[in-house]
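Student: Submitted below is the structure of interest, expressed as structure tokens.
In this note's numbering, the protein residues as written are 43 to 112.
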């Protein structure tokens, strides 16, 4: 498992697809921090809400498909 650098070992990174798109993201199951690639660092992240809003979507896990833990 890959742990989120922000959650002190509490959050696990999951790989997921945004439904209806080709976009893959990596998201913490605790704090919803998002990465667009496997470079899971503190200076390479975004907020789930910002990413989804930029696509005209709500920041809901139900908008994600094929969620799997890394």
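C-beta: ideal position from N, C-alpha, C; glycine also.
Taking all protein chains shown into account, decide if residue 77 is buried (16 or more other Cβ within 10 angstroms of its Cβ) or exposed.
Tutor: Residue 77 comes out buried.
Student: Under 8 Å between the Cβ atoms of residue 59 and residue 107?
Tutor: Cβ atoms of residue 59 and residue 107: closer than 8 Å.
Student: Is it right to say residue 97 is buried, meaning 16 or more other beta carbons lie within 10 angstroms of its own, or is it exposed?
Tutor: The residue in question, residue 97, is exposed, as its Cβ has fewer than 16 Cβ neighbours within 10 Å.
Student: Please report the straight-line C-alpha distance between residue 105 and residue 99, rounded to a whole angstrom.
Tutor: If you take the alpha carbons of residue 105 and residue 99, they lie about 8 Å apart.
Student: Assuming contact is defined by CB atoms lying nearer than 8 Å, are residue 69 and residue 90 in contact in what I supplied?
Tutor: Yes.
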